[in-house]
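A.B. asks:
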Amino acid sequence: MKKNYLPRHYWLSIITFVIFSCISILLYTYFSKGIPNQLTDRLEVAGKVATHNFELSISKNLLYLENLALQLEEDDVYSNQWDSYSQRLIDRNANARFIAFIDETGELKGINPSDYWDSIDEQLRSTFKKYFNTAEISQNPQANWLKHYGKAHILLVNYPIRGKNIKGSLVAAIDMDAELGAINNFLSDYAFLLKNEEGNVVYSYNSPNVNAFEKTLIFNSSLTLDNSSMQEWSMQLCYHNNDIYDHSFMVVDWMLVFGILLSLLMGSLLFFYLKSLDAVKHAKLGNMQLLQTNMELEGQRKKAQKASRAKTEFLSNMSHEIRTPLNAILGICELLNTSRSKTEKENYIHMMQESSKNLLVLVNDILAINRIESGNENLALDRFEPCAILENLITFQGPKIKSKNLKLETCLNSCTKNAVMGDRTKFEQISLNLVSNAIKFTQNGSIYISCEERVIAGSRVAICLIVKDTGIGIPTEKQEAIFERFTQLDVGVRKKHSGGGLGLYITRKHVQLMQGCITVNSKEGEGSEFRVNLELPLAENTKRTIDQAFVKELKEMRLSVLAVDDNKLNVIILVKLLRNMGMNPDFAYNGKEALEKTESKNYDIIFMDVHMPEMDGYETTRRIRHTDDNVLILGLSADATTSSIDEGLCAGMNDYLTKPLDLEKLAILLKERFMVKIS
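Per my numbering, the sequence shown starts with residue 100, numbered consecutively.
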């Protein structure tokens, strides 16, 4: 059972889609597994940067205070230089709200800017004073948060001064919202909180909800404000919300969707591309086939035109060739009616016979063409001697050759007169056509006929027939065309040679049917040589002949015979031939008369013509078969077409013979039918 496979553009597109889809799925799996690690790494980097920046900010402010303290310690006295020193620090750090100097008693000695102290309320001022007292006691730098002042987060940083004459602390108030603004912009996707040493939250950003995250998504770090004070705070940093986690997976999901769509697009593009290539290929193939078909049609058209011209020439030629002997026959009949001389009548009869033979040759050629082209041409299996047939042919054609003053040369010495099995009629036709053409186309010179026989392996005979003439010859370009039907060397109203242009066509077909070959070697103006090679089975030594013993036995059998033909002349001839074979037939001139005779008498053999008035031979045969299945009915007609023969056999005829009657073939049929009775 034949399997149906998908076209190439289908399975290649499917493979492309599957490959790209697998790549997309692998990438999706890889990135999906890496998302938690990526989020953790990003969080760790952000936390380290935030911790470093915060520590850097505190250290920077402490460094400013340290520099100011060193300047004051160097002066060793609180002087008017305080204002310039503190202002310089404020100019360096725009986020400093004020800088204050607290003496060792905890009293506020100076503050810059002074208007800041005046602008705050008493409660905040009291808070600052408490811190000042605490700061004075501290021996190390410290940083403390003031929870809020208005909406700002304030970081109070103090640095002790220990000069000989000046002791106390420097306190700076830093606006951490402004100080951490750059860090917060960097951490817009994150949230964090700061805790002091006691674990209290002193600062938060973006409302962190650390309880909503896993431990791997929370960054913890400690902040060392100053190495000398060993003061440490802690920072916890996480993502602003869980949306970042879902968003990361959503991006990967969309990447997978995009990858699948891209795979589908690639597969579709490949599908349509390959399909277009196939379409182009099929279109080219169709165009080539169409072109080839057009070329074949053009060739067939030219052949048809050539055949049409050949048929037209053939019909014109046949009209001339058939009318010529018919006109001669009719003219001779008129002359016979008026002539009283016996010698003249004999000459007229001879001329009529020649015209009749020529006409019969044309009709036989036409019928042979019909059998050949219908595919119903079969080979008979007759016993004959090729050499004897050629001798008879030479004897028969000798007068014609002599009448044209041509020299006849023969070479039949190598013929061993072997009997072979084959179609005798076709061999006779082949030989006759070649010799007749040689006579027709040779005006001067000679005709050479040769036949060689060679026995092969004791069972077959190789025959080589050569017919050579010194006639008009054949042009090289026409040597193949002469074997085509309706083809003649000269055509038209000025043609010099009669004929229908069928002889060589029939000859080659017969040779091919007998599995032989025919070749021609010719030069225009010098003559032609035709060579036929056949190989036929060697026949047994016994011969089939019509002898008097067979005729005597037929006569003794007293066979009851009926001859049916509407032509009285044909009836007379047939009755005469049958009487010579020992039979005394009755006769009828139409089908109805034949039926009447068969009803009144039982016949052994009926010779039935086909074309008759009143009732034709087919219908007559069918009616006879209704009442008699045993009688031998032989069709006998000049209509030798395949369709007529087939119709006769279908009507009930045992065999079909053609006119003129072949007595040897008739004898064979009678022997096959009545031999049992004879023996």
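Heads up, the beta-carbon is just placed ideally off N, CA and C, and yes, glycines get one too. Owing to the predicted nature of the structure, the values given are computational and were not obtained by experimental measurement.
#1: So, are the CB atoms of ALA168 and LEU336 less than 8 Å apart?
#2: List the endpoints of the continuous alpha helix (DSSP H) containing LYS608.
#3: Output the residue ranges of the alpha helix (DSSP H) runs that lie fully inside the segment 686–766 and measure 4 residues or longer, sorted by chain position.
#4: Can you list, in chain order, the residues of its chain whose CB lies under 6 Å from that of GLU628, leaving out five sequence neighbours each side?
#5: DSSP on LEU769, reduced to helix/strand/coil?
#6: Using a Cβ-Cβ cut-off of 6 Å (strictly less than) and excluding sequence neighbours within five positions of ILE732, which residues of its own chain qualify?
#7: Given VAL592, which residues of its chain have a CB within under 8 Å of its CB, disregarding the five upstream and five downstream residues?
#8: Only counting runs of 3 or more residues, tell me where the beta strand (DSSP E) segments fall wholly within the segment 534–573, in order along the chain.
#9: Mind checking LYS208: buried by the 16 CB within 10 Å criterion, or exposed?
#10: With which residues is CYS510 paired in a DSSP beta bridge?
#11: Using the Cα positions of GLU579 and ILE573, report the straight-line distance between them to the nearest angstrom.
#12: If THR541 sits next to LEU564, beta carbons under 8 Å apart, how far is it from one beta carbon to the other, in whole angstroms?
#13: Report the partner residues of ALA290 according to the DSSP bridge assignment.
#14: Just to confirm the assignment, what range does the beta strand (DSSP E) spanning PHE629 have?
#15: From ARG191 to ILE124, what distance separates their C-alpha atoms?
#16: What first and last residue would you give for the alpha helix (DSSP H) that runs through PHE119?
#17: Helix, strand or coil, according to DSSP, for ARG196 in the structure here?
#18: Determine the closest residue to LEU748 out of ASN393, GLU718, GLU552, SER545, with distance taken between C-alpha atoms.
#19: Answer yes or no: do PRO684 and VAL519 have a C-beta to C-beta separation smaller than 8 Å?
#20: Can you tell me the Cα-Cα spacing of PHE318 and ILE157, whole angstroms?
#21: Taking ARG261 as the reference, which of ARG523, LEU293, GLU172 has the closest Cα?
#22: Just grab the DSSP bridge partners of VAL650 for me.
#23: Helix, strand or coil for VAL682? Go by DSSP, reduced to three states.
#24: Just to check my reading of the structure: LEU762 and LEU658 have Cβ atoms closer than 8 Å, yes? What is that Cβ distance to the nearest angstrom?
#25: Could you give the distance in angstroms between the alpha-carbon of ASN211 and the alpha-carbon of ASN194?
#26: Give the secondary structure of ALA518 by DSSP, where H, G and I count as helix, E and B as strand, and everything else as coil.
#27: Tell me whether PHE116 is buried or exposed, calling it buried when 16 or more other Cβ atoms sit within 10 Å of its Cβ.
#28: Can you tell me whether PHE312 is helix, strand or coil according to DSSP?
#29: Would you list the one or two residues that DSSP bridges to ASP481?
#30: List the endpoints of the continuous alpha helix (DSSP H) containing LEU188.
#31: Rounded to whole angstroms, what's the CA-CA distance from ARG643 to GLU771? Just pull it up for me.
#32: Give every residue of the same chain whose Cβ lies closer than 7 Å to the Cβ of VAL351, excluding the five residues on either side of it in the sequence, and list them in chain order.
#33: Could you tell me the alpha carbon to alpha carbon distance between TYR109 and LEU376, rounded to whole angstroms?
#34: Please look up how many angstroms separate the CB atoms of TYR755 and GLY734, rounded, as I've assumed it's under 8 Å.
#35: Which term fits PRO382, buried or exposed, when burial requires 16 or more other beta carbons within 10 angstroms of its beta carbon?
#36: LEU668 to LYS444, Cα distance in whole Å?
C.D. replies: With the structure as the only source:
#1: no
#2: Its alpha helix (DSSP H) spans residues 602–612.
#3: 690–699, 716–726, 741–750
#4: LYS567, ASN620
#5: helix
#6: Same-chain partners within the cutoff: ILE705, MET707, THR720, MET752, ASN753.
#7: For VAL592, the predicted structure reports a pLDDT of 37, less than 50, and the residue's modelled location is therefore unreliable. The matter cannot be settled from this model.
#8: 545–555, 559–568
#9: Note on LYS208: under 16 other CB atoms within 10 angstroms of its CB, so exposed under the neighbour-count rule.
#10: SER549
#11: Using only the alpha carbons, I get a separation of about 10 Å.
#12: Between LEU564 and THR541 the Cβ distance is about 18 Å, and since that is not below 8 Å, they are no contact.
#13: CYS337, per the DSSP bridge assignment.
#14: 626–636
#15: 56 Å
#16: For PHE119, the enclosing alpha helix (DSSP H) begins and ends at 107–174.
#17: strand
#18: GLU718
#19: no
#20: 20 Å
#21: GLU172
#22: DSSP lists no partner for VAL650.
#23: The question names Val, but residue 682 is Met in the sequence shown. Coil, per DSSP.
#24: The pair is not a contact, with the Cβ atoms about 16 Å apart (cut-off 8 Å).
#25: 13 Å
#26: coil
#27: buried
#28: coil
#29: GLY521
#30: 180–191
#31: Residue confidence is low: ARG643 scores 46 on pLDDT, short of 50, so the model does not pin down where it sits. No coordinate-derived value is stated.
#32: TYR127, PHE130, SER131, ILE134
#33: Going by the C-alpha atoms only, they are around 13 Å apart.
#34: 4 Å
#35: The sequence given here has Ala at residue 382, not Pro. By the neighbour-count rule (16 or more Cβ atoms within 10 Å), ALA382 is not buried but exposed.
#36: 19 Å
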